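Chains as they are written, first to last, in the working numbering: chain S, 1 to 337; chain V, 1001 to 1435.
No residue lacks a Cβ here, since even glycine has one placed at the ideal position from N, Cα and C.
Computed from a prediction, not measured in an experiment: that's the story for all the values here.
As structure tokens, the structure follows; a few thoughts come after it.
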């Protein structure tokens, strides 16, 4: 039963990275686009993700509920020591979620639209940045549960070069996912070329940010290279991710949208797999060498069992409905054109 | 302000904000479903317009409620880590089910909002009903988790250890039914009166009268029926609280002395030092009767409860007075409305009835906030009643007071923007729907 719960936790994080990530990315692309393309991005995005955008963000809630019900010690350790970036991420989520709805449901279109747009695009970049920082802090051995002063307990636990590099990398991954996704949704060749260009820029940016992550890891004494090359799964996943990236670059111009989407999804999934599998079942590495584990720090058997049943039962309702939602709007889109 | 008070204030603010959006988000879909049904049955365009206009409001409220709910799921840990470390595995069951209900609500809302003219009309209508049902289920589940804090079961607490955990028993704790019933009815009363009042205001101004009359009728009927049922549910809650949480009941009533034939204390000024209530209206025997069903039964007073287990008395008492008082006002208005419907149709056209409904716009939500204060402040000093004190649950991180200021600023600005958007939606009814 515990492994069912862990599988759900991983799947929610994975789907949040892919779907929520593409969602954040759309805002990031809007942020970096020149004004003549901003509108195009905005309208395409609203048409495509409008119906499912609430659902994309549910995965975060599922993940957090699994954590606090099934793994309370992990949830509370994060809540205490990385309070500040969690709060920053929450503010980003509030700003982004409300700005998205406000701009689509304001009955009058006037200068307020520009305000909503600004809030939306900036929070689209800030939120994944802090998500990256949070993810980095769980493995960088900077969380010091014995610290007595404010800075070492609550600030240096997350504020370091490695965290910032991972944050930037997360922004690039989100932008990259969104660009790949939008390519399949625009129809004129000029638009296609435009978004292919953005996707390429994002790949380069992700490559640079990825390099930064390795450099920062070296300076912050995070043994990233040892982790990746010390385990065959790690090497394989990162290898597969790199190869698929090259493939992607080559096939961007000629291939079917669905093929490049799968490649991009695969590429991102491999990075997440490498990042999580290497330490499994440990999920938080602490400064004093101890760690929190999904197996040893799980809640009581009865709780895990009830949680697993709730998740299984939930997915019977959720998954078919979600697929039908995505499928029907995908199909109706054809009719609309 | 110290960090403990800041943490409590931030939690109160976040819940107080979320509760409004959650109530509207779970009730409005039912109003829409009725209007939508009438459109499909009668083909009168005005009902389609009402449904569409409401659905825009729902989208705004749902999204705001969804983000403030997401924030809460983190704040529980950010502010009360010790509580969550122990309580999470015990009372988490309703939250995990709520995740499902909320997810289904989001999916159904996607179908509903974006599915006009794209699906079979009855399938489209049905997705709207699913939004309502899953929203209601979410609300009930979350209240059941709160009820566990008032009535903790499903575990054994021995030497500071929480063992023998049974999450299902915890979910169906003794308080869940009375609390869930009271909250659900409250959501219908508050949302119903608020919506009806806004439409009454537009009728009074003579703008798009036909449109607003149809909308008013649907909201007013939901509101008034729920307002008539609410006192019955309040009675169930009162008897339940008297049984399980005598300190809370005593604080609600500012009841200091244990006595038979205890008086119901209405209004008054509470002096916690001298343990007296001045200028109150006292009805002898009524409290004994309401709490235990018989005038001879003694009602435990605060004097028989250790001082360090007392909740703040004055604020709990005042909040309770506000809730009951407003509940009674809305009950009276409901009865007037029923009389108008049954006997005096002319009243329905009259200015004074419209004025009464306009005055009632905020009453339900004020009553909800007051009721929420009664149940939360009345539970103090406990976070898990009788097991863990709130002060022992708070985060060790200093500086929460800044976090409180930050969230206050955010929630205030969000409230302003939402109000502004609603104002623009209502103002544009005539232009958008061409009525």
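Please name the residue, chosen from the options, that lies closest to residue i on a Cα-to-Cα basis.
i	options	result
residue 1190/V	1370/V, 1404/V, 1379/V and 1008/V	1370/V
residue 112/S	1427/V, 1417/V and 1426/V	1417/V
residue 1150/V	1141/V, 1142/V and 1173/V	1173/V
residue 1094/V	1147/V, 1303/V and 1178/V	1147/V
residue 1324/V	1040/V, 1186/V and 1159/V	1186/V
residue 114/S	172/S, 39/S and 152/S	39/S
residue 1355/V	1333/V, 1404/V and 1010/V	1333/V
residue 1327/V	1087/V, 1182/V, 1303/V and 1051/V	1182/V
residue 72/S	1080/V, 1071/V and 1067/V	1080/V
residue 1410/V	1035/V, 1002/V and 1013/V	1013/V
residue 1027/V	1344/V, 1015/V, 1137/V and 1089/V	1137/V
residue 1145/V	1169/V, 1335/V, 1124/V and 1161/V	1169/V
residue 22/S	91/S, 181/S and 93/S	181/S
residue 1040/V	1124/V, 1103/V and 1247/V	1124/V
In chain order, what residues of the same chain lie with their CB nearer than 8 Å to the CB of residue i, ignoring the 5 residues before and after it?
i	result
residue 270/S	237, 238, 240, 241 and 244
residue 1019/V	1368, 1369 and 1372
residue 1380/V	1311, 1312 and 1390
residue 1331/V	1227, 1228, 1230 and 1231
residue 251/S	259, 260 and 263
residue 1267/V	1279, 1280, 1281 and 1321
residue 1292/V	1239, 1242 and 1299
residue 1432/V	1053
residue 1259/V	1298, 1299 and 1301
residue 169/S	132, 206, 209, 210, 212 and 213
Compute the Euclidean distance between the alpha carbons of residue i and residue j, then round it to the nearest angstrom.
i	j	result
residue 146/S	residue 288/S	8 Å
residue 178/S	residue 265/S	11 Å
residue 1252/V	residue 1242/V	10 Å
residue 67/S	residue 75/S	6 Å
residue 1204/V	residue 1351/V	7 Å
residue 1426/V	residue 1113/V	18 Å
residue 1264/V	residue 1176/V	26 Å
residue 284/S	residue 321/S	34 Å
residue 1208/V	residue 167/S	52 Å
residue 99/S	residue 1053/V	20 Å
residue 1397/V	residue 84/S	10 Å
residue 268/S	residue 1024/V	39 Å
residue 153/S	residue 1400/V	15 Å
residue 1047/V	residue 197/S	47 Å
residue 118/S	residue 88/S	17 Å
residue 1415/V	residue 123/S	19 Å
residue 127/S	residue 80/S	19 Å
residue 335/S	residue 1117/V	Because the pLDDT at residue 335/S is just 47, under 50, the model does not fix this residue reliably, and the point stays unresolved.
residue 298/S	residue 313/S	21 Å
Pop quiz: residue i and residue j are said to be a contact at Cβ under 8 Å. What is the actual Cβ separation, rounded to whole angstroms?
i	j	result
residue 1394/V	residue 1004/V	5 Å
residue 222/S	residue 162/S	5 Å
residue 160/S	residue 140/S	7 Å
residue 281/S	residue 295/S	4 Å
residue 1128/V	residue 1033/V	5 Å
residue 1236/V	residue 1319/V	Their Cβ separation, rounded to whole angstroms, is 19 Å, which puts residue 1236/V and residue 1319/V out of contact at 8 Å.
residue 173/S	residue 206/S	6 Å
Between which residues of its own chain and residue i is the CB-CB distance below 6 Å, once the five residues before and five after are set aside?
i	result
residue 1166/V	1154
residue 16/S	59 and 60
residue 1195/V	1219
residue 26/S	45 and 178
residue 1091/V	1145, 1148 and 1170
residue 1305/V	1247
residue 165/S	212, 213 and 216
Looking only at its own chain, which residues have a Cβ that is under 7 Å from the Cβ of residue i, when we skip the five neighbours before and after it?
i	result
residue 156/S	142
residue 1365/V	1020, 1190 and 1194
residue 1286/V	1263 and 1264
residue 1421/V	1060
residue 1284/V	1261 and 1263
From the beta carbon of residue i, is the nearest beta carbon of chain C less than 7 Å away?
i	result
residue 1320/V	No chain C is part of this structure, whose protein chains are labelled S and V.
Could you list the residues in the region 1050-1068 of chain V with a C-beta less than 8 Å from some C-beta on chain S, going in chain order? For the region 1050-1068 of chain V, which is checked against every Cβ of chain S, the residues closer than 8 Å are 1056, 1059, 1060, 1062, 1063, 1064, 1066, 1067 and 1068.
What residues in the region 1143-1160 of chain V have a beta carbon less than 8 Å from any beta carbon of chain S? Listed by position along the chain: nothing, the set is empty.
Output needed in chain order: residues of the region 301-312 of chain S with a Cβ under 8 Å from some Cβ in chain V. 302, 303, 306, 307, 310 and 311
Contact set between the region 65-88 of chain S and chain V, restricted to residues whose Cβ is under 9 Å from the partner: 65, 66, 67, 68, 69, 70, 71, 72, 73, 75, 76, 77, 78, 79, 80, 81, 83, 84, 86 and 87
Looking at chain S, which residues of the region 1255-1283 of chain V have a Cβ within less than 8 Å of any of its Cβ atoms? none
The region 6-19 of chain S: positions lying closer than 9 Å to chain V by Cβ: none
Of the residues that make up the region 1103-1119 of chain V, which ones have a beta carbon closer than 7 Å to any beta carbon in chain S? Along the region 1103-1119 of chain V, the positions whose C-beta sits under 7 Å from a C-beta of chain S are 1103, 1104, 1106, 1107, 1109, 1110, 1111, 1114 and 1118, read in chain order.
Quick one: which residues of the region 106-121 of chain S get their C-beta closer than 7 Å to a C-beta of chain V? List them in chain order. So the list reads 106, 107 and 108, given in the order they occur along the chain.
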